[in-house]
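Asks:
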Amino acid sequence: DAKTTQPTSMDCAEGRAANLPCNHSTISGNEYVYWYRQIHSQGPQYIIHGLKNNETNEMASLIITEDRKSSTLILPHATLRDTAVYYCIVRPGGTGTASKLTFGTGTRLQVTL
Amino acid sequence: GAVVSQHPSRVICKSGTSVKIECRSLDFQATTMFWYRQFPKQSLMLMATSNEGSKATYEQGVEKDKFLINHASLTLSTLTVTSAHPEDSSFYICSAYRGSSYEQYFGPGTRLTVT
Chain W
1 DAKTTQPTSM DCAEGRAANL PCNHSTISGN EYVYWYRQIH SQGPQYIIHG LKNNETNEMA
61 SLIITEDRKS STLILPHATL RDTAVYYCIV RPGGTGTASK LTFGTGTRLQ VTL
Chain U
1 GAVVSQHPSR VICKSGTSVK IECRSLDFQA TTMFWYRQFP KQSLMLMATS NEGSKATYEQ
61 GVEKDKFLIN HASLTLSTLT VTSAHPEDSS FYICSAYRGS SYEQYFGPGT RLTVT
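Listed in order, the protein sequences are those of chains W and U.
Numbering-wise (the numbering used here), the first sequence opens with residue 1 and increments by one.
Numbering-wise (the numbering used here), the second sequence opens with residue 1 and increments by one.
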């Protein structure tokens, strides 16, 4: 699996956009970029994923650079409930055994008043 | 949305005993489930991949005789920690893919404390 690099921690004021970067310079052509988050003492929660196009859903937007070597997760209006560890993961497509997720250390996002 | 449940949510057991943790996919069938372990202030570590009707695939360094995995149906996988010791105390989390969806759904986790 390609590795990812994320900042250890970030702060964001409530109501502002939170932009979480991720570097994945060794990503392969068939690998997707996934974002999950984990709120303290809970199981991870899926946020969004993409291959090469930018994606948006009700939770966030995912911006992938044209060379696919990096991406940014955007939470448009962060709230206190968005305080969590955010994981950027790259993996091949599919849902079988080969598509397991490898979690790195993630970015600890602290949203403050 | 898809829901994955785990039972129990918390368990305390004495050293040397065995503990079984259940993982259920509540509204979909899961041919593949995954088991993770998370120690305090650390990231999730994949322990094994559970395949319905066949043997689990364990990650390197995970003792298959200590962490028994059974995936007897398309909605249930169990993890049994045998002869538990204090160092097995951890947060155990399962996950599953729903059909052809590329989203992996996670359970709420089970906090195991071995005294």
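Glycine included, each C-beta is placed from N, C-alpha and C at the ideal position.
Note that the coordinates shown come from a computational prediction; the quantities given were computed from them, not determined experimentally.
Taking U/I12 as part of the beta strand (DSSP E), name the residues at either end of that continuous run.
Replies: Element bounds for U/I12: 10–13.
Asks: For U/E87 and chain W, any beta-carbon pair shorter than 8 angstroms?
Replies: By this cut-off, U/E87 is not an interface position.
Asks: Ignore the nearest five residues each way along the sequence and tell me which others in W/G104's own chain have a CB closer than 6 angstroms to its CB.
Replies: Same-chain partners within the cutoff: T4.
Asks: Evaluate U/V3 with the Cβ neighbour count: other Cβ atoms within 10 Å of its Cβ, from every protein chain shown; 16 or more gives buried, anything less gives exposed.
Replies: It counts as exposed.
Asks: Just tell me which of U/S83, U/T115, U/L112, U/G53 has its CA closest to the CA of U/L76.
Replies: Comparing Cα positions, the closest option is U/G53.
Asks: Any C-beta of chain W sitting closer than 8 angstroms to the C-beta of U/G109?
Replies: Output row for U/G109: interface = yes.
Asks: Which same chain residues end up closer than 6 angstroms to W/R85 when comparing Cβ atoms and leaving out the 5 residues on each side of it in sequence?
Replies: In the sequence on display, residue 85 of chain W carries Val and not Arg. Around W/V85: Q38, G106, R108.
Asks: Given W/P21, which residues of its chain have a CB within under 6 angstroms of its CB, disregarding the five upstream and five downstream residues?
Replies: Here the set comprises T72.
Asks: So, is the C-beta of U/Y105 closer than 8 angstroms to a C-beta in chain W?
Replies: True, the Cβ-Cβ gap to chain W drops below 8 angstroms.
Asks: Pull up the distance between the alpha-carbon of W/S25 and that of W/K69, whole angstroms please.
Replies: Roughly 4 angstroms separates the two Cα atoms.
Asks: Return the CA-CA distance between W/S9 and U/E59, expressed in angstroms with no decimal places.
Replies: Going from the Cα of W/S9 to the Cα of U/E59 covers about 29 angstroms.
Asks: Taking Cβ positions only, does W/T123 come closer than 8 angstroms to chain U?
Replies: The requested residue 123 of chain W does not occur in the structure, where chain W is confined to residues 1 to 113.
Asks: Whose CA, out of U/Q104, U/R10, U/Y102, lies closest to the CA of U/E22?
Replies: Answer by Cα proximity: U/R10.
Asks: Rounded to the nearest angstrom, what separates U/T80 and U/K64 at their Cα positions?
Replies: Answer to the nearest angstrom: the Cα atoms are 10 angstroms apart.
Asks: Reducing DSSP to helix, strand and coil, say where W/S61 ends up.
Replies: In the structure shown, W/S61 sits in a strand (DSSP, three-state: E or B).
Asks: Name, please, each residue of chain U whose Cβ falls closer than 9 angstroms to the Cβ of W/G50.
Replies: Within 9 angstroms Cβ-Cβ: nothing; W/G50 doesn't reach chain U, min ~10 angstroms.
Asks: Give every residue of the same chain whose Cβ lies closer than 7 angstroms to the Cβ of W/P92, excluding the five residues on either side of it in the sequence, and list them in chain order.
Replies: Hits under 7 angstroms: N30, E31, A98, S99.
Asks: Threshold first: 3 residues or longer. Then list the beta strand (DSSP E) segments lying entirely within the stretch 76–107 of chain W, N to C.
Replies: As far as the stretch 76–107 of chain W is concerned, its whole beta strand (DSSP E) runs of at least 3 residues are 84–92.
Asks: If you draw a straight line from the C-alpha of U/V62 to the C-alpha of U/D88, how long is it?
Replies: Cα-Cα distance, rounded: 12 angstroms.
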